[in-house]
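2 protein chains.
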Amino acid sequence: MATHLETLETPVPIVDLDRLTHNLDRMAAYATLHDLRLRPHVKTHKSTRIATEQLQRGAVGLTCATTRELEIMSEVCDDLLFAYPPVGAARLERLMRLPSSVRLTVAVDSAQSIPALAMAANLARRDVDVYVEVDLGMKRVGVTPEHSAVALARTVHTHAPLRFAGITFYPGHVRSRVEDQGDAVGALAQQVATLQELLLDAGLAPRVISGGSTPLAWRIHEVPGVTEVRPGTYVYNDRTTAGIGACDWEDCALTVLATVVSTAVPGQAVVDAGTKALAREPLRADGDGWASLLDRPEVVVTRMSEEHGVLDLSHTDWRPRVGDRVRLVPNHVCIVVQQFDEIVGIRGDYVETSWPVLARGRGAVDLQQDNAPRGPRAM
Amino acid sequence: MATHLETLETPVPIVDLDRLTHNLDRMAAYATLHDLRLRPHVKTHKSTRIATEQLQRGAVGLTCATTRELEIMSEVCDDLLFAYPPVGAARLERLMRLPSSVRLTVAVDSAQSIPALAMAANLARRDVDVYVEVDLGMKRVGVTPEHSAVALARTVHTHAPLRFAGITFYPGHVRSRVEDQGDAVGALAQQVATLQELLLDAGLAPRVISGGSTPLAWRIHEVPGVTEVRPGTYVYNDRTTAGIGACDWEDCALTVLATVVSTAVPGQAVVDAGTKALAREPLRADGDGWASLLDRPEVVVTRMSEEHGVLDLSHTDWRPRVGDRVRLVPNHVCIVVQQFDEIVGIRGDYVETSWPVLARGRGAVDLQQDNAPRGPRAM
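This is how it looks when you write it as structure tokens:
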């Protein structure tokens, strides 16, 4: 017998499976249309099940930000990008313990990190592809383009078994609405063209130019030379993504189901989703609050404690009662998923399935090593 | 052989065991000195190990905010307060499945929630103590005091097997420095006195008046009538607690160990602790940023992404190198603990132990029912 949503204990993250499928299909179609390699970032879903759906729709590989994400995803994919600086002996060790069947690419932005990476790869007898990470305006990580990027590519090139494979950038500074991204896209195109020319002059033609993110996902094909995109958020979407027009409100696939637990203080209703469910992430679009109701976007969560969210009722005639259920669209879905161990998949008002958030957390995974000695272990 | 901190993969939450012991001892001594029943809130640590340390130091019971916290804590404690509105059938079911050996107290702030709670208690054949939750200024949950609190107490009283046990309040609106809390404490004292009088007049003398929180922990004895306190954060403390003077900087027991992964952008250093490690919680004290260095509090995290924290180097001569380790004091430790599955206990620079964050997440726990039928299950 199907389980009705009403019977679930709250707060619980629920995913509308039809919307999820639509989102997966739409991005796959975009990548195909523009001949872009789609290498989705798994940070949003941290789930092998959704990763498999992405691969079945033509994704060439996956992008990961943590060693645990790499380990978990190695069970379903043999082409993984570690889009994070490979710094620290413990991190390098875990990287190199990935199954040898995995083709591993690592992004680097410092010459200092290269000798240790090369030594670890050597010891593990594995080739490692390297993207040079460039900063095109976000000012987080990444060398500033032009000469220092070329110098870094050359350093990679001289550190076998590392192989210079291309450049990567994360345009996280572009936060405007999709229709207003023209200037930003033009600037990126200029930066990428300059960099390409310099690399060609240096005899270091990049095989891959990897860009993209969900906010810029639908216009990245306007940057000539980009061959690969790494969107993450698009599978579930969120209030920010809808707010900048990179998806429709109806494409928000993940909501947090919550219960009204108190109406004792006039003018507000308190739900059982606070920072430990919704996270305290700013809306990076017009508007305010921490989340809003799926079916009443004008009702927003204006205050939160760890397990309480306060709905402001001043812009609505709706008067909820204790026990009512609501579905909340969070500002930033990636942090919401991180709070939970399991996601519930729904169709209409019924639970159809659920899946674990396998790659959340940091713990090491006991990998099935395809290159491990078979038979009993030596004592 | 002891493991040195340097060998840990980052980001990782580490707890200085000497500081933890000091914090546990100090709060226990305060409660003893002022004859207050200490019922610590487990939301901060979500760990049976630390709960056991609290109980060994004289805590009369524990306070929980989620059903999972109750289930996990029922393994080490038989006196649990559910300081959360008991709304929703699924939540009530889990509440009533707690081992019958647990003396359960529930906080309520609405008459609507009482019939269902009483019915569930009846079906489970268990007595349930009830605190009436009053709002003394936080404006989150809780009835406004005086007449409506008395009415609610009377409703509880007429719904056996519920037993009116007392009143509870959470003074989360008091955020001033400890030395400036005089007026707020005076106002609380006035409110509590009025309420006590009304309840006495109604023949509903409260056995317990439960208040407190870490920010107000050291002055709650100045509110006459308060018999119980529920601080949580004090075990680990954080940047906000130190900022308002409710602990010393040296009492911050939990830090996030992180690694400098990039210095590519001038004027800053990027560490591998972002919102998925530090959480994006405001500093509720003077200052800015999301966290600061334990040994250089003037260096703060000014920007974050999911796995990146940006240290602003403009107020320091310190020039970190890629690979350097730092220890970060977060603004709000409770949300940090929620991001991780395991906490590492250190003494000096060496790892001494670790413990799981057992009560994080929402999943149901398979309880050892002391009232379950013994022997093989019926088929």
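Quick note, the sequences are listed as chains A and B, same order. With the first sequence counted from 1, adding 104 to any position gets you our numbering. With the second sequence counted from 1, adding 104 to any position gets you our numbering. C-beta: ideal position from N, C-alpha, C; glycine also.
Going by Cα to Cα distance, which pick from the options is closest to residue i?
i              : options                        : result
H138 (chain B) : B:E332, B:D355, B:P401         : B:E332
R423 (chain A) : A:R384, A:V364, A:A468         : A:V364
N435 (chain B) : B:E446, B:T107, B:V375, B:T337 : B:T337
R281 (chain B) : B:A463, B:A346, B:S252         : B:A346
D376 (chain A) : A:W353, A:C351, A:R429         : A:R429
V206 (chain B) : B:A220, B:E237, B:T167, B:R244 : B:T167
D470 (chain B) : B:G165, B:P117, B:A373, B:E173 : B:E173
A373 (chain B) : B:V403, B:E385, B:L382, B:L358 : B:V403
E410 (chain B) : A:G465, A:D399, A:G371, A:A163 : A:G465
E110 (chain B) : B:G427, B:D122, B:A468         : B:G427
D563 (chain A) : A:R229, A:Y188, A:P203         : In this structure chain A extends from 105 to 483, so residue 563 (chain A) is not present and cannot be described.
H412 (chain A) : B:V116, B:L128, B:A169, B:L121 : B:A169
A193 (chain B) : B:V180, B:A224, B:Q216         : B:A224
A389 (chain A) : A:D342, A:V455, A:A383, A:T171 : A:D342
R258 (chain A) : A:L292, A:Q443, A:E283, A:A309 : A:A309
D231 (chain B) : B:V238, B:M200, B:T248, B:Q216 : B:M200
V339 (chain B) : B:H108, B:H263, B:H126, B:D421 : B:H126
T107 (chain A) : A:A468, A:G467, A:V461, A:E456 : A:E456
A358 (chain B) : B:A463, B:H263, B:L397, B:Y188 : Correcting the residue identity first, residue 358 (chain B) is Leu in this sequence and not Ala. When only C-alpha atoms are compared, the closest one is B:L397.
T272 (chain A) : A:A187, A:P370, A:L159         : A:A187
Under a three-way DSSP split, which group does residue i fall into?
i              : result
L462 (chain B) : coil
Y188 (chain B) : coil
C356 (chain A) : coil
L237 (chain B) : Residue identity differs from the one stated: residue 237 (chain B) is Glu in this sequence, not Leu. Strand, per DSSP.
R478 (chain B) : Residue confidence for R478 (chain B) is low, a pLDDT of 36 falling below 50, so the modelled location carries little weight; the figure read from the coordinates is stated next. Three-state result, R478 (chain B): coil.
L361 (chain A) : strand
P401 (chain A) : coil
Q372 (chain A) : strand
L112 (chain A) : coil
S217 (chain A) : helix
A293 (chain A) : helix
T107 (chain B) : strand
E301 (chain B) : helix
A264 (chain B) : coil
G307 (chain A) : coil
I324 (chain B) : helix
S252 (chain A) : helix
A211 (chain B) : strand
M483 (chain A) : Residue placement at M483 (chain A) cannot be trusted, given a pLDDT of 31 that sits under 50; what the coordinates show is reported in the next sentence. In this structure, M483 (chain A) counts as coil in the three-state DSSP scheme.
Please tell me whether residue i and residue j are closer than 8 Å, where the distance is taken between their beta carbons.
i              : j              : result
T148 (chain A) : C356 (chain A) : no
L302 (chain A) : V254 (chain A) : yes
M131 (chain A) : A155 (chain A) : no
S366 (chain B) : D213 (chain A) : yes
V441 (chain A) : K150 (chain A) : yes
G270 (chain A) : V210 (chain A) : no
W459 (chain A) : I450 (chain A) : no
T114 (chain B) : L417 (chain B) : no
T298 (chain B) : E250 (chain B) : yes
R143 (chain A) : R334 (chain A) : yes
G162 (chain A) : T136 (chain A) : yes
V278 (chain B) : E326 (chain B) : no
M408 (chain B) : R384 (chain B) : yes
L382 (chain A) : A395 (chain A) : yes
Y235 (chain A) : S314 (chain A) : yes
A220 (chain A) : L184 (chain A) : no
P319 (chain A) : A350 (chain A) : yes
Between residue i and the ligand MN, is there a pair consisting of the residue's CB and a ligand heavy atom that are separated by less than 7 Å?
i              : result
R384 (chain A) : No copy of the ligand MN occurs in the structure displayed, which carries no ligand at all.
Worksheet item: Which residues, taken in chain order from the stretch 332 to 354 of chain B, show a beta carbon closer than 8 Å to some beta carbon of chain A?
Response: none
Worksheet entry | Positions along the stretch 436 to 458 of chain B whose CB lies within less than 8 Å of some CB in chain A | C438, I439, Q442, Q443, F444, D445, E446
Worksheet item: Which ranges would you report for the alpha helix (DSSP H) in the stretch 137 to 208 of chain A if only whole runs of at least 4 residues count?
Response: 152 to 160, 171 to 177, 193 to 200
Worksheet item: Curious, which full-length alpha helix (DSSP H) runs of at least 4 residues does the stretch 375 to 461 of chain A contain?
Response: 437 to 443
Practice prompt. Could you name the residues of the stretch 194 to 208 of chain B whose beta carbon sits closer than 9 Å to any beta carbon of chain A, in the order they occur along the chain?
Written response: A194, R195, E197, R198
Item to complete: Quick one: which residues of the stretch 111 to 125 of chain B get their C-beta closer than 8 Å to a C-beta of chain A? List them in chain order.
Response: T111, L112, E113, T114, P115, V116
Discussion item. Beta carbons nearer than 7 Å to chain B: which residues of the stretch 390 to 407 of chain A have them?
Written reply: none
Discussion item. Please identify, using Cβ separations under 8 Å, the residues of the stretch 212 to 224 of chain A that lie next to chain B, in order along the chain.
Written reply: D213, S214, Q216, S217
Fill in: Interfacial residues, the stretch 171 to 195 of chain B to chain A, with Cβ spacing under 8 Å
Of all residues in the stretch 171 to 195 of chain B, those with a C-beta nearer than 8 Å to a C-beta of chain A are T171, Y188, P189, V191, G192, A193, A194, R195, reading in chain order.
Practice prompt. Identify each residue in the stretch 244 to 257 of chain B for which the Cβ-Cβ distance to at least one residue of chain A is less than 7 Å, and report them in chain order.
Written response: R244, V245, G246, V247
Worksheet item: Can you list, in chain order, the residues of the stretch 258 to 274 of chain A whose Cβ is nearer than 8 Å to any Cβ on chain B?
Response: Those would be none; no residue qualifies.
Item to complete: Return the residues of the stretch 148 to 173 of chain B that lie within a Cβ-Cβ distance of less than 9 Å from chain A, sorted by chain order.
Response: A169, T170, T171
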